[in-house]
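One structure is given below, encoded as structure tokens.
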Amino acid sequence: MTHRHYLQFKDFSRAEYDYLFARAAFIKQKFKGYDPHRSLFDRTLVMIFEKASTRTRLSFEAGIQQLGGTAIYLNTRDSQLGRGEPVYDSAQVISRMCDLIMIRTFEQTMVEQLAAASRVPVINGLTNEYHPCQVLADVFTFIEQRGAIQGKTVAWVGDANNMCNTWLQAAEVLDFKVHVSSPEGYGIHPDRLGLASSAHFETFADPMEACKGAHLVTTDVWTSMGFEAENEARKKAFADWCVDEEMMGVANRDAVFMHCLPAHRGEEVTAGVIDGPQSVVWDEAENRLHAQKALMEFLLLGQQPQ
Ligand code: CP
Ligand code: NVA
Numbered sequence: 036m037t038h039r040h041y042l043q044f045k046d047f048s049r050a051e052y053d054y055l056f057a058r059a060a061f062i063k064q065k066f067k068g069y070d071p072h073r074s075l076f077d078r079t080l081v082m083i084f085e086k087a088s089t090r091t092r093l094s095f096e097a098g099i100q101q102l103g104g105t106a107i108y109l110n111t112r113d114s115q116l117g118r119g120e121p122v123y124d125s126a127q128v129i130s131r132m133c134d135l136i137m138i139r140t141f142e143q144t145m146v147e148q149l150a151a152a153s154r155v156p157v158i159n160g161l162t163n164e165y166h167p168c169q170v171l172a173d174v175f176t177f178i179e180q181r182g183a184i185q186g187k188t189v190a191w192v193g194d195a196n197n198m199c200n201t202w203l204q205a206a207e208v209l210d211f212k213v214h215v216s217s218p219e220g221y222g223i224h225p226d227r228l229g230l231a232s233s234a235h236f237e238t239f240a241d242p243m244e245a246c247k248g249a250h251l252v253t254t255d256v257w258t259s260m261g262f263e264a265e266n267e268a269r270k271k272a273f274a275d276w277c278v279d280e281e282m283m284g285v286a287n288r289d290a291v292f293m294h295c296l297p298a299h300r301g302e303e304v305t306a307g308v309i310d311g312p313q314s315v316v317w318d319e320a321e322n323r324l325h326a327q328k329a330l331m332e333f334l335l336l337g338q339q340p341q
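Per our numbering, the very first residue in the sequence shown carries number 36; after that it's consecutive.
Okay, here's the thing in structure tokens:
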């Protein structure tokens, strides 16, 4: 049996995203109206976490339960994954007992190996390289707040990490532009992202320049999970890459601010910005739930009539 996986943003087409965003809006509306939507009744999601999480665990676990299914949580500490059981063997066993797997881990290659051996769809819940579920929710949030993202400009200020890489892929699939500004040594490697061209991004040495005219300004922690040993060096290198009121001031008048969270006020963003009127971070976090419900349903049932 063939099935789809969601391992990086470019795994889906623009038409599929159009469907997913519309479906997420429909599912959200039903949720807000306390109208049960049990499209995944009796289905089981296994969630594997090799890194910490609040939002990803919550949104997947609540999401599958609200769709009528069940979630099982596994982590490296108390499963055989942490004791070196091969990924192939783990994938064989896990995928015989569930309908869907979500994994958060370190290397993207691990997720790819898991998917290759799995009998059920696999979702990337964050790797060192990508965080597609977050950008799925972020674009859904932008559309909800400001309409179509096509032709718009997103400013990425900070580390060229998993979130930045995913924004770069999203820009190509959905036809918008990303302005990236990162400190020297922490910049993008577009050649590693499987992009068709460099038409959808531009790099800037000065973060203020990157923010000029942007419709969405976004950032992330200076030190991602797995890179904690570099924390002190990163604090020095990133000192000027804090999204502040001045940066928001040069963005488009209607610009929104997003952050995947968790955030460090006073490091990558000021409290004034993240807690200010342009910030949509709480809607963004909530939308993980709705967008991933649409994603899980799509992977298991395909497109549904509305
Ligand atoms: N944004 C995000 O993925 O949050 P968690 O690390 O809490 O899951
Ligand atoms: N870039 C961050 C995102 C956390 C949700 C990390 O990988 O730790």
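Ideal Cβ positions, reconstructed from N, Cα and C, are used throughout, including at glycine.
{"Item": "Please list, in chain order, all residues of the same chain as valine 213 whose beta carbon is under 7 Å from its beta carbon, the five residues on each side excluded.", "Value": "Val189, Trp191, Trp202, Leu203, Ala206, His235 and Phe236"}
{"Item": "Bridge partners of asparagine 159, per DSSP?", "Value": "Ile138"}
{"Item": "What did DSSP end up calling tyrosine 165 once you bin it into helix, strand or coil?", "Value": "coil"}
{"Item": "Measuring CA to CA, which of Gly284, Asp318 and Cys295 is closest to threonine 307?", "Value": "With the sequence shown as reference, residue 307 is identified as glycine, and threonine is not the correct amino acid for it. Comparing Cα positions, the closest option is Gly284."}
{"Item": "Say the cut is 7 Å; is the CB of valine 256 nearer than that to a heavy atom of the ligand NVA?", "Value": "yes"}
{"Item": "Considering Cα atoms alone, identify which of Val278, Gly193 and Ile138 is closest to histidine 166.", "Value": "Ile138"}
{"Item": "Glycine 220 and alanine 272 look like a contact to me (Cβ under 8 Å); what is the Cβ gap, rounded to whole Å?", "Value": "7 Å"}
{"Item": "What are the start and end residues of each continuous beta strand (DSSP E) run of 3 or more residues lying completely inside the region 51 to 108, in chain order?", "Value": "79 to 84"}
{"Item": "Out of Ser74, Tyr69 and Leu42, which has the shortest C-alpha to C-alpha gap to glutamine 339?", "Value": "Ser74"}
{"Item": "Taking Cβ positions, are valine 208 and arginine 58 nearer each other than 8 Å?", "Value": "no"}
{"Item": "Which stretch, first to last residue, makes up the alpha helix (DSSP H) that contains valine 308?", "Value": "306 to 309"}
{"Item": "Between aspartate 318 and the rest of its own chain, which residues show a CB-CB distance below 8 Å, the 5 nearest in sequence each way excluded?", "Value": "Thr176, Glu179 and Gln180"}
{"Item": "Going by DSSP in three states, threonine 144 sits in which element: helix, strand or coil?", "Value": "helix"}
{"Item": "Please identify the residue among Thr258, Met243 and Ser217 whose C-alpha is closest to the C-alpha of leucine 296.", "Value": "Thr258"}
{"Item": "Give the DSSP-derived three-state secondary structure of leucine 336 in the structure shown.", "Value": "helix"}
{"Item": "What is the DSSP secondary structure of lysine 212, counted as helix, strand or coil?", "Value": "strand"}
{"Item": "If we ignore side chains and look at the alpha-carbon of each, how far apart do arginine 288 and serine 114 end up?", "Value": "50 Å"}
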